[in-house]
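J.:
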Amino acid sequence: MSTASGDPTTGTADFSATPLADTSFPEEWESGQESGQESVRGDYGTEAGATERVQGEGPGRAAEQRQAAGGPAARAESGAALPAHRPTRGRYRGISGGYELTLRVDVDSVPGGPKVLRKVSGDFSSTGGGTQAYFGSFLVDAPTVSWTSTQVVIRGIASYTWQTAYTLVRVTVPRSRTNQRPGAATVEFLRPPNQLGATYVCPYVSPYFRTVEWEQDSVTGAVPFLSYDTGSLPQPANSPARILTVPRAYAEAGIELLVSGTANVIANSRNGWTNTELHAAMETNFSLWRNAPQWKLWLLVASSYEGMAGVRGIMFDAADSFQRQGCAVFYDLIQGAGPEEQRSMLRTYVHEIGHAFNLLHSWQKNLATPPAPLGGNNGFADLSWMNYPQNYQPLNGNGGAAAYWGAFPFQFTDNEQMHLRHGFYRNVVMGANAFGTGAADIEPALFDEPLTDESGLRLGLRADKSGLAFGEPVVVELKLETTDLRGRATHNHLHPDDELVSIAIRQPSGRTVLYRPLLRRCVDQDQTVRLDAGRPAIYSSAYIGYGRDGHYFQQPGTYQLRAAYLASDGSRIVSPVLRLDVRHPVSQADLRLAELMTGEEQGKILALRGSDSPSLQSGNDALQEVIERHGTHPFAVYARLAKGLNFEHEFKSLSPDKTELTVRPPDPKSGIEQLAQVVKVSQQGKGVDNLTLNLASRRLARAYARQGDLEEANSTLDRLVKHFDTPAFKPFVKDAVRDQVDSTKARLTEEFGG
Amino acid sequence: MIDLVLYGPSGPQPLGRPAAVRVELRNTGDHDLWIAGVLDGSENGLRFPHYRPTVTRAGDGEGDAEGEGRVACPAEYGTVVASPAPAEDPLVGPLRPSDLRKLSPGQSWDPSSGPGCLPLMTFAHFTPRRPGRYLYTLTLDTDAARPEDWLGGFGVPVGTAREDLLALVARVPRTRVAADPVEVDFR
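Protein sequences, first through last, are from chains Z and X.
All the letters of the first sequence, read from the start, carry residue numbers 1 to 754 under the UniProt record's numbering.
All the letters of the second sequence, read from the start, carry residue numbers 1 to 187 under the UniProt record's numbering.
1. Can you find the residues in the same chain that come closer than 6 Å, C-beta to C-beta, to Z/R719, ignoring five residues on each side of it along the sequence?
2. Answer yes if the segment 274-286 of chain Z comes into contact with the segment 222-240 of chain Z, meaning at least three C-beta pairs across the two stretches below 8 Å, and no otherwise.
3. Counting only C-beta atoms, is X/F186 closer than 8 Å to chain Z at any point?
4. Alpha carbon to alpha carbon, what distance is there between Z/L420 and Z/A253?
5. For my contact list, Z/N391 and X/M121 are in at a C-beta cut-off of 8 Å; report their separation, rounded to the angstrom.
6. For Z/S611, is the beta carbon positioned less than 7 Å from some heavy atom of the ligand MG?
7. Since Z/E481 and Z/D689 are thought to touch, with beta carbons under 8 Å apart, how far apart are those beta carbons, to the nearest angstrom?
8. Label Z/E648 either buried or exposed according to how many other C-beta atoms from any shown protein chain fall within 10 Å of its C-beta, with 16 as the threshold for buried.
9. Would you please verify whether the beta carbon of Z/L367 is less than 8 Å from any beta carbon of chain X?
10. Taking Z/E601 as the reference, which of Z/T161, Z/Y99, Z/N396 has the closest Cα?
11. How long is the line joining the alpha carbons of X/L103 and Z/E188, rounded to whole angstroms?
12. Can you confirm whether Z/N398, when its beta carbon is compared against all beta carbons of chain X, has any partner nearer than 8 Å?
13. Starting from Z/S697, follow the beta strand (DSSP E) in both directions and report where the run begins and ends.
14. In three-state terms, what does DSSP make of Z/F124?
15. Kindly identify the DSSP beta-bridge partner or partners of Z/S540.
16. Please compile the residues from chain X whose C-beta is within a distance smaller than 7 Å of the C-beta of Z/Q364.
17. Using a Cβ cut-off of 8 Å, pull out every chain X residue sitting near Z/R312, in sequence order please.
18. Based on the DSSP secondary-structure assignment, which residues constitute the bridge partners of Z/R572?
19. Cβ of X/T139 within 8 Å of Cβ of X/R52?
20. Does any C-beta atom of chain Z lie closer than 8 Å to the C-beta of X/L118?
21. For the segment 381-405 of chain Z, enumerate the residues whose C-beta is nearer than 8 Å to any C-beta of chain X, in chain order.
22. Skipping 5 residues on each side, what residues in its chain have a beta carbon closer than 8 Å to that of Z/R191?
23. Can you tell me where the beta strand (DSSP E) holding Z/L654 begins and where it ends?
24. Going by DSSP, name the residue or residues bridged to Z/C327.
25. For the segment 402-412 of chain Z against the segment 295-302 of chain Z, are there 3 or more C-beta pairs whose distance is under 8 Å?
26. Please list the partners that Z/T413 has in chain X, where partner means a Cβ-to-Cβ separation under 8 Å.
27. For Z/G221, is the classification buried or exposed, using 16 other Cβ atoms within 10 angstroms of its Cβ as the cut-off for buried?
28. Classify Z/R270 as buried or exposed, calling it buried when 16 or more other Cβ atoms lie within 10 Å of its own Cβ.
29. Once DSSP output is grouped into helix, strand and coil, what is the label at Z/D621?
30. For Z/Q707, collect the residues of the same chain with a Cβ closer than 8 Å to its Cβ; drop the 5 residues on either side in sequence, then sort them by chain order.
31. Strictly under 8 Å for the Cβ-Cβ distance: is X/R52 near chain Z by that measure?
32. In whole angstroms, give me the CA-to-CA distance for Z/S502 and Z/L531.
33. Would you verify that the beta carbon of X/P131 is, or is not, closer than 8 Å to some beta carbon of chain Z?
34. Taking only beta-carbon atoms, is Z/G603 less than 8 Å away from chain X?
35. Residue 782 of chain Z by DSSP, collapsed to three states: which one?
36. For the beta strand (DSSP E) that X/T122 lies in, which residues bound it at each end?
Shown next, in the form of structure tokens:
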């Protein structure tokens, strides 16, 4: 822990943010250093501006002051075209109050550059005398980013490895041109809503998020891999032909592998190498080795692995107190000059080094401590350096090595890149956490309740019932309400299919997964709603039983759910924990019904609210069986809902060669047949939740109107109003339903009344 | 006490697509049976239990599969055309208590699906190029020389947790069971 006292985010020790001396810069930046005295006013944003006024001449103005004192800015010479803006992406470092902050900004890139993950993260170390010790890390998972011509302001709520009240992070980076040296980032930590804590001015260090010194030795007779031209063999269209070395493969993920040390050639072991021998060789030959966390790793190009055929490589340092410092590849098996061998060799090197960064195999992510979600097909569908080609199983079509190489774009998955770039320090750095510990792509702590919450908003998560039958579709209701009598404005995207709402599910096994919708909707945060006394809450209901990872509630037991809503002002509102019990099936009939509801295709159909897709035919058949043979069972209402909503709407299909579009017109008669039942049993309290009932009723009315029966359409809507017109519902809810019904009637009359 | 059964598709199967071959493990004894399904490393023999599948082509011995090498096979069926690929590295995941499952007498279960279980990649990816009859076989081996051979390659618990896990492993009967081969006709 820290050698300095206190908390690096509070700023209690020292506000005089002292920049470190800049590290060396490429020559092309030097020409821009003397230029640019352009005064930067910048649209700092109204809220940030207010903070500055409160703080007077305090650190809130640090970014401006630094720039006014000669920081980088563009000089607009008349008639001369200005060079393009340099991305802010990369690593920065600064000192304040006895702490050093290494900052990583990941909100922009260059064409063809590393993918933007839209994160800001950092590591603190305490500095005292001549020593430095790691203190803690933070991550802003989903910041808001605002751009002006002169600066980028990034702000959001951070999660930390320790507890602090200064959860709001604001990073200001001046924008510089490509012929100028990059400007320093100013990092401010605030206690919400705007009490300023520590400020760090962090000069730019590198375009890479992390830098690792990589030393490689080989045994006598082994020839280390150099490079592979990805255009040598067929590759997917999204993977441009390029020369990949091992460092280049990591550079594409934003990580710098700096070749260092002396490349020794060491005596071979004819019988192959054991883990113990490899470890001993590392201690002897790795010139940078010491038993401590450090950004240094060793790779040995050895001959073969003793006692186990077929092993191409190993991260052998997985047993002592300072793991993940070394790995090996086995030349006897992987050697070859042909393009296929060279391609496989590259993959083996990158793969084993990936383990040293604490990346698990694609199908093992759920075995991490804490567990992480698996990708598609239990991770086997991941197109990643960390998958095995022979294990690759795409979501559709044949799998295996040929399919992998036909689709692999030579990259890590987004979650893996997130870990490499922004994972908390001890989870990533070699020699710190044990292999598999902290290798999770999500931290359940992200869903911890904030220490303080002055957002003026409250998030609720509930289900109609706390006990569910095995196989029953899981539907939850989200409620966002204001706790501020003056009212609050925020965006109105409350569905977990929107990118601003997340739901974490802790399964009975203890594994925590993130609900990942089949289709993620990008939303416009500018559409806001005001929550006040007149309309204190908004609601949403969502089916979360099935998503990109398959079925989430596949075993009986107790599940704990928690939702997080990212508000327009960057506040993260976390719901209380909702507990759901999935009961054991008690009869063969229960089991059969659960089987009919929980197939992969049925999950997709329920998540998509119905589909005609031929690839989901057997799922539709299963749901039809539920309706026909178990029509009075509570599950039937969900099957009817999916089918009814689908019938009521047209369905477009592309021919297999994608040249012809077929439109199946709406089938109001079949829609009415199904939806009328859904509405009937739900109004009796034996079907879907009230929000879904509202949707089903309006779609039923639409089906009647489409069939020419406007009278029945209006009656259906009137019954909906009547259903909500009881003391059980608050007046603003009744008003909202009434307004919705009135506008639906008007629209149906306009569309079908003529 | 343990019955291992393979179920193949009925009728001829199209070339170029894997056949849906299902596995069932049944407790045929009078007592509860503790067993684990296909775990990380089970199929390629890196850890126990071993579930070792093979596909053999009956006939002239010239059969081959997309992306699979041929292996000479002394068996009377012909040539082994698909068997587990070796692991690239030995970092197999840890055994967890929930991986060990209790089957009541008469109860059956698919050890290659469900929570914690992996599919048998040999069957899932075998796509024959030539028509003919192919035999699918599977053996289950729980007879580890050391109980530690069940624990995995990383994240292995220590202390009491390790002892508890080994106590669970000790409940698994030491045995080797082969399923009756299933023949699939590809045309």
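Every residue gets a Cβ at the ideal spot worked out from N, C-alpha and C, and that includes glycine.
Computed from a predicted structure; not experimentally measured.
T.: Taking the coordinates as given:
1. Here residue 719 of chain Z refers to the residue found at position 719 when the first sequence is read from its first residue. In its chain, beyond the 5 residues on either side, no residue has a beta carbon closer than 6 Å to the beta carbon of Z/R719.
2. They do not touch, by the three-pair rule.
3. In the second sequence, the residue the question calls residue 186 of chain X occupies position 186. Taking 8 Å as the CB threshold, X/F186 stays off the interface with chain Z.
4. Taking the first residue of the first sequence as position 1, residue 253 of chain Z is located at position 253. Taking the first residue of the first sequence as position 1, residue 420 of chain Z is located at position 420. Going by the C-alpha atoms only, they are around 8 Å apart.
5. In the first sequence, counting from the first residue as 1, residue 391 of chain Z sits at position 391. In the second sequence, counting from the first residue as 1, residue 121 of chain X sits at position 121. About 6 Å; that satisfies the 8 Å criterion.
6. The ligand MG is not part of the structure shown, which contains no ligands of any sort.
7. Here residue 481 of chain Z refers to the residue found at position 481 when the first sequence is read from its first residue. Here residue 689 of chain Z refers to the residue found at position 689 when the first sequence is read from its first residue. Actually they do not touch by this definition, with Cβ atoms about 18 Å apart.
8. For the purposes of this step, residue 648 of chain Z is identified with residue 648 of the first sequence, where counting begins at 1. In summary, Z/E648 is buried, with 16 or more beta-carbon neighbours lying within 10 Å of its beta-carbon over all protein chains present.
9. For the purposes of this step, residue 367 of chain Z is taken as the residue at position 367 of the first sequence. Interface residue, yes.
10. Residue numbering aside, residue 601 of chain Z sits at position 601 when the first sequence is read from its first letter. Answer by Cα proximity: Z/N396.
11. For the purposes of this step, residue 103 of chain X is identified with residue 103 of the second sequence, where counting begins at 1. For the purposes of this step, residue 188 of chain Z is identified with residue 188 of the first sequence, where counting begins at 1. Those two C-alpha atoms are separated by around 58 Å.
12. Position 398 of the first sequence, counted from the start, is the residue given in the question as residue 398 of chain Z. Z/N398 counts as touching chain X.
13. As a working note, residue 697 of chain Z is residue 697 in the first sequence. Run containing Z/S697: none in the beta strand (DSSP E); it sits in the alpha helix (DSSP H), 690-706.
14. Working through the first sequence from its first residue, we reach residue 124 of chain Z at position 124. Looking at Z/F124 - three-state DSSP - the assignment turns out to be strand.
15. To locate residue 540 of chain Z, count along the first sequence from 1; it is residue 540. Paired residues: Z/L478.
16. Here residue 364 of chain Z corresponds to residue number 364 of the first sequence, with the count starting at 1. Here the neighbours are D40, G93.
17. Locating residue 312 of chain Z in the first sequence gives position 312, where the first residue counts as 1. Within 8 Å Cβ-Cβ: E88, D89.
18. One-based indexing of the first sequence puts residue 572 of chain Z at position 572. Z/L566, per the DSSP bridge assignment.
19. Counting from 1 along the second sequence, the entry for residue 139 of chain X is found at position 139. Counting from 1 along the second sequence, the entry for residue 52 of chain X is found at position 52. It is a contact, given that the beta carbons lie within the stated cut-off.
20. Counting from one through the second sequence, the residue named residue 118 of chain X turns up at place 118. So yes, X/L118 belongs to the interface.
21. For the segment 381-405 of chain Z, which is checked against every Cβ of chain X, the residues closer than 8 Å are Y388, Q390, N391, Q393, N398, G399, G400, A401, A402.
22. Within the first sequence, numbered from 1, the residue matching residue 191 of chain Z stands at position 191. Taken in chain order, the residues that qualify are A165, Y166, T167, L168, G197, T452.
23. Locating residue 654 of chain Z in the first sequence gives position 654, counting from the first residue. 651-654 is the span of the beta strand (DSSP E), which, as asked, contains Z/L654.
24. Position 327 of the first sequence, counting from 1, holds the residue named residue 327 of chain Z. Z/C327 is bridged by DSSP to Z/L299.
25. By the C-beta criterion, the segment 402-412 of chain Z is judged not to be in contact with the segment 295-302 of chain Z, since fewer than 3 inter-stretch pairs fall below 8 Å.
26. Taking the first residue of the first sequence as position 1, residue 413 of chain Z is located at position 413. Contact of Z/T413 with chain X by beta-carbon distance below 8 Å is absent, the smallest such distance being about 18 Å.
27. As a first step, residue 221 of chain Z must be located in the first sequence, where it is residue number 221. By the Cβ neighbour-count rule, Z/G221 is exposed, with fewer than 16 other Cβ atoms within 10 Å of its own.
28. Along the first sequence, one-based indexing puts residue 270 of chain Z at 270. Exposed, by the Cβ-count rule.
29. On the first sequence, residue 621 of chain Z is found 621 positions in, with the first residue counted as 1. For Z/D621, the three-state secondary structure derived from DSSP is helix.
30. As a working mapping, residue 707 of chain Z is identified with position 707 in the first sequence. So the list reads P668, K669, I672, once near-sequence residues are dropped.
31. Against the second sequence, residue 52 of chain X aligns to sequence position 52. For X/R52, the nearest beta carbon of chain Z is not closer than 8 Å to its own beta carbon.
32. Reading the first sequence from its first residue, position 502 is the one you call residue 502 of chain Z. Reading the first sequence from its first residue, position 531 is the one you call residue 531 of chain Z. Spanning the two alpha carbons is a distance of roughly 21 Å.
33. Taking the second sequence and counting its residues from 1, the one referred to as residue 131 of chain X is at position 131. Output row for X/P131: interface = no.
34. If you number the first sequence from 1, residue 603 of chain Z lands on position 603. Cβ-Cβ to chain X under 8 Å: no for Z/G603.
35. No information on residue 782 of chain Z is available, as it lies outside the stretch 1 to 754 that chain Z covers here.
36. Position 122 of the second sequence, counted from the first residue, corresponds to residue 122 of chain X. Element bounds for X/T122: not the beta strand (DSSP E) but the alpha helix (DSSP H), 121-125.
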